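In the UniProt record's numbering, the protein residues as written are 1 to 675. Heads up, the beta-carbon is just placed ideally off N, CA and C, and yes, glycines get one too. Here the structure is a predicted model, which means the values were calculated and not measured. One structure is given here, and the rest of the page talks about it.
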Amino acid sequence: MSELGERAHLPLSDVHGRKLRRDCCHEEYREYTVEDSSGATEKREERVNVTSKKLYQVVADMLHWHSDYLKSTLRLEYGERADPEHTLLDVPLDNSWMAAYQDKERARLKALERETCGYETCDDCDTRWCQEQDDHETEHVVGEFDDPVVVLTGRTAAGDGRPPVDHAREIAEAWTGEHGNDGAGRSLRYVMDEKLGLESDEWVRWTQGEPHTGKRRQVGGYGNLGYHHAHDVIILEGAAATGDVTAASFRTVIEKHVEECAGAGADAHDLDAAPDEWANGDVDTVVVKNVDDEIEQSVASYAAAYLANDSKDLLERSVPYLMWAATMWATNTQKGIKSVSANRAIEADRCKHKHAAGDQGLDHGEMTNCADCRCVSAPGTAGCSRCDGRGFHVVCTACGSQWGIDQSSPARAGDDPRVAADGGADDPSPEQEREEALRDRWPSARRAASVGGETIARQCDHAEPDQCPLCATETESPDHTVSGDVPIPESAVAPEVPDSVSVRYTRPPSWSAKEVIRDDERMAATGGGVETVALDLPSAPVRVAAMATDPHGEMVCQSCVSYFDTVSEYASHGCEDGDVYIAWFPVTDPPATETLMSRDEFLSAVPDRLLEERAGATAAGEQTERSEGQRADAAADVSDRLKEYIASNSVSSVAELLGRFNLPPAARSTVEDMM
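This is the structure in structure tokens:
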């Protein structure tokens, strides 16, 4: 708090409906009493507000959550107690904020580099690649790209003083766009597919979020310190590109980000620079480097300098990093996102490493089979540009990745019926089909068996129908033609007794999570996801508009001081601008806070259907507006009931009477006189 000052007291979000971890929210409840027809009462509780916690509170909650992980272990169980191989194994319980996870991410980045750009190997190291390139004689192993090019982009937005979650989500939503597929991400795909002519397996992307360092902040201010921004690391096949790959090639991606992200400034993304500066690479927002000619260190080291994946635990991080981490943690947001092709490359590298280490008999791509493309499960006919219209990919049998596998070649020793003509397996036998059906029916069972045959319908020997339930023409009650009490004749038999079939299977033992152990306390390893809750802010326009549509709500035009009961009456009463006063007096005490909104803001918050519900009142000549004086007379209309209620009950406030008798605010003085 001393380092961030007032920023530590910012709410994580002030957007109505924003989903956060339940631990990051304050939930306000109220009790109320209901009475049934017998006069019995029951107390109930309902949630009225959900607001975000302050930043410093969420950071504290996150650190407590993380410290629980550090002192927890996960107990794994192999098989069951009755199995001879039954084993228990305790492993540390980890999360993505630990140093070990950062090491894994750096290893994945190195794997991506090996598969795209190649690597150095030697005879002295035990691994596939040389770990001491300065000391050993090495030989270069080429990657999948003949002329690899690295593109590094930065996407940000102004954040000073804004709730950090809203700022971060604004950057993320600018990538996907309003409709999920029309943001900066789509602009990048257009650049790759149309401008550079690259196939989906000729480029990979790694997007990494990290906290701002605040280098551009003014003296004494905070600037964007601790706020989120994103880097895109793109490795592409320069030899396959149809034109020169420069920073200017990706300017449209940055323009789309600035267009979609309200807080993103053009000057902060170098869009105020001349086209020549973009073409010559004299901008910081997009940096393009040829791997062979312009990067002295490894690609992974070059990219890691821009990514927040140092080998540090969360408890070792700086305060600005903790602010950013709380933003990601509260929304359960991934820090690093990889393209499909990048994940395939990383999986292929792991497959090759397992084979080289002797942990796997097959090398990557040594045996292949067909796997459905994503387009198969999409609406319409299967076939898309990713699979060249075939509906499937040829993938490695060992790892399931298609990276580095010629898609025009038939599957080798595959088991997919679609490639049987190319040497695949024959169709499964009926016994195999029954066994697979049994496996699918009980996917969690270690063992299962099924004995029996097909169900055969019995037949009676009646010449005419409707003599017994077996020959009845209608069997559904109440229209059945034969009562169920009529016996089935003993002569009714199945024409042929089917053969009895026995099917069984046994799955080998496998590892499963048994329990979590923390401070000698054992807890079930449920594997449940993160529980989130949507913010429900009382100040949100939709909540205020809901007051107006409630039976106890009313609207007062501040321009002409007229009262209205329905939204349609207010919308069409004549005043085209000004403010509207919305009040809601329910039976509860105290009443909801009165709210003032502009006419445009109010009408945009209410459903359109309410603007069309005139209900014919005006057409029938009924008065739809009431002056303040007319509304004040409403108390006089129920004066006898008011006096009787006051005399027989303990009334604590005027608001209680206004709510119980559905009276407007203008009747307050009259009710006060009665009390």
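- The DSSP-derived three-state label of C396 is strand.
- Annotation: the continuous beta strand (DSSP E) that includes Q208 extends over W203 to P211.
- Beta-bridge partners assigned by DSSP to A534: K19.
- DSSP places P275 in the uninterrupted alpha helix (DSSP H) bounded by P275 to A279.
- With fewer than 16 other beta carbons inside 10 angstroms of its own, A40 counts as exposed.
- Taking the Cβ atoms as the reference, S409 lies roughly 7 angstroms from V394, within the contact range of under 8 angstroms.
- Listed in chain order, the non-local C-beta contacts of T252 below 8 angstroms within the same chain comprise S187, Y190 and V191, local neighbours out to five positions each way being set aside.
- For H228, the enclosing beta strand (DSSP E) starts and ends at H228 to E237.
- Taking 3 residues as the minimum length, the beta strand (DSSP E) runs contained wholly in the segment 430–505 are 447–452, in order along the chain.
- Between the alpha carbons of H16 and S559 lies a gap of roughly 29 angstroms.
- The C-beta of V151 has 16 or more other C-beta atoms within 10 Å across all chains shown, which makes the residue buried.
- Taking the CA atoms as reference points, L271 sits about 13 angstroms from S249.
- Fewer than three pairs of CB atoms, one per stretch, sit closer than 8 angstroms, so the segment 334–341 makes no contact with the segment 135–155.
- A buried status is given to M547, since no fewer than 16 other beta-carbon atoms sit within 10 Å of its beta-carbon.
- Contact check for A303 against E115 fails: the beta carbons are separated by 8 angstroms or more.
- Within the DSSP bridge table, the entry for I582 names M555 and T595 as partners.
- Residues A264, G265, A266, H269 and L271 of the same chain have their beta carbon placed closer than 8 angstroms to that of V258, with the five preceding and five following residues left out of the count.
- In this structure, DSSP gives V651 a state outside helix and strand, which the three-state scheme calls coil.
- The DSSP-derived three-state label of S311 is coil.
- Between P320 and P164 a beta carbon distance of about 11 angstroms is seen, past the 8 angstroms cut, so the two are scored as non-contacting.
- Note that the C-beta distance between Y32 and R47 is not below 8 angstroms.
- Y227 sits buried, since 16 or more C-beta atoms from the chains shown fall within 10 Å of its C-beta.
- At a cut-off of 3 residues, the continuous stretches assigned as beta strand (DSSP E) that sit fully inside the segment 21–63 are 25–35 and 41–52.
- DSSP, read as helix, strand or coil, puts C370 in strand.
- Sorting K352, N343 and A172 by C-alpha distance to the C-alpha of M328 places A172 at the top.
- Close CB contacts of G79 within its chain, under the 6 angstroms cut and outside five residues either way in sequence, are with E85, H86 and P509 (chain order).
- The beta carbon of H364 is closer than 6 angstroms to those of A348, C351, K352 and C396 in its chain, skipping five residues each way along the sequence.
- The three-state secondary structure of P607, taken from DSSP, is coil.
- The beta carbon of A540 lies closer than 7 angstroms to those of H16 in the same chain, with the five residues before and after it left out.
- Boundaries of the alpha helix (DSSP H) around H257: R251 to E260.
- Between the alpha carbons of V204 and D600 lies a gap of roughly 46 angstroms.
- In this structure, the beta-carbon distance from G177 to E255 does not fall below 8 angstroms.
- Annotation: the continuous beta strand (DSSP E) that includes D90 extends over T87 to P92.
- Taking each of C387, E105, Y581 and K54 in turn and checking the Cα distance to V544, the smallest one comes out for Y581.
- One Cα belongs to G238, the other to D94, and the distance between them is close to 39 angstroms.
- A check of alpha carbon separations from A60 across T73, A326, D135 and D232 identifies A326 as the nearest.
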